Amino acid sequence: MSNNKTERVGMKIIIIGPLPPTRGGIAGATHEFCTLLGESNTVIGLSFKRLYPSILFAHSRMDEKKEKLSYEKREWVDALNPLNWWNVSTFIRREKPDRVFFVWWTTYLFPCYFFINLLIRGHTTTAAMIHNVFPHGVKNA
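Numbering (the numbering used here), first residue to last: 42 to 182.
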């Protein structure tokens with residue numbers, strides 16, 4: 042087996058979701074998911090360059106650590122811009138991944154994820170990693 046970096050390993054997987062330096066447990070969980078899959082697969086993590094309007098939510102970010110990743114990371118998805126969704130879909134079709142995972146935790150992302158999924162349908166297999174299926178703090182009766 043050669044040491045050629047472009048040699049494909051395992052499956053080609055694209056994961057769309059928040060990644061550090063975005064704060065929060067979901068970004069951390071997505072990073073761990075990408076890291077574990079990246080050990081035996083070719084993984085591209087597509088994170089958000091803009092998730093919420095700045096007037097409503099001051100985007101908090103952690104200090105980014107310079108660590109070697111087992112996956113390629115791009116901050117590219119704009120949850121508010123339909124033209125960006127088209128570009129993301131075009132990128133995914135061009136990359137021809139075996140799987141695309143959508144990291145889902147809020148209905149706010151429905152338009153973005155629906156549009157991207159609609160445009161890549163038939164080009165790859167999709168799945169979702171769903172967080173917060175039930176709201177926090179709700180007690181069962």
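Positions of the beta carbon are idealized from the N, C-alpha and C atoms, including for glycine.
Note that the coordinates shown come from a computational prediction; the quantities given were computed from them, not determined experimentally.
Evaluate the contact criterion for the segment 54 to 70 versus the segment 133 to 144: three or more CB pairs, one atom per stretch, below 8 Å.
-> yes
Cα-Cα separation, Val50 to Thr83 = Here residue 50 corresponds to residue number 9 of the sequence shown, with the count starting at 1. Here residue 83 corresponds to residue number 42 of the sequence shown, with the count starting at 1. The alpha-carbon atoms of Val50 and Thr83 are separated by roughly 6 Å.
Rounded C-alpha distance that separates Cys75 from Ile96 = In the sequence shown, the residue the question calls residue 75 occupies position 34. In the sequence shown, the residue the question calls residue 96 occupies position 55. Spanning the two alpha carbons is a distance of roughly 30 Å.
Along the chain, where does the beta strand (DSSP E) that runs through Trp117 open and close?
-> For this step, residue 117 is matched to residue 76 along the sequence shown. Taken as a continuous stretch (DSSP letters only), the beta strand (DSSP E) holding Trp117 covers 113 to 119.
For the candidate residues His164, Pro152, Ile85, whose alpha-carbon lies nearest to that of Asn114?
-> To locate residue 114, count along the sequence shown from 1; it is residue 73. Reading the sequence as shown, one finds Lys at residue 114 and not Asn. Of His164, Pro152, Ile85, the residue nearest in Cα terms is Ile85.
Grab the span of the alpha helix (DSSP H) containing Ser81 for me, first residue to last.
-> By one-based count along the sequence shown, residue 81 stands at place 40. Unbroken run through Ser81: none, as it is neither H nor E.
What is the rounded straight-line gap between the Cα of Lys90 and the Cα of Lys109?
-> Here residue 90 corresponds to residue number 49 of the sequence shown, with the count starting at 1. Here residue 109 corresponds to residue number 68 of the sequence shown, with the count starting at 1. Rounded to whole angstroms, Lys90 to Lys109 spans 21 Å at the Cα level.
Trp146, DSSP secondary structure in three states | If you number the sequence shown from 1, residue 146 lands on position 105. Coil, per DSSP.
Under the three-state DSSP convention, the category Leu124 falls into | Mapped onto the sequence shown, residue 124 falls at position 83. Of the three classes helix, strand and coil, the one that applies to Leu124 here is helix, per DSSP.
Of the listed residues Val174, His177, His72, Asn125, nearest to Phe156 (C-alpha basis) | As a first step, residue 156 must be located in the sequence shown, where it is residue number 115. It is Asn125 whose Cα lies nearest to the Cα of Phe156.
Nearest-angstrom Cα distance between Pro94 and Lys137?
-> Here the question's residue 94 lines up with position 53 in the sequence shown. Here the question's residue 137 lines up with position 96 in the sequence shown. In a straight line, the C-alpha of Pro94 is about 31 Å away from that of Lys137.
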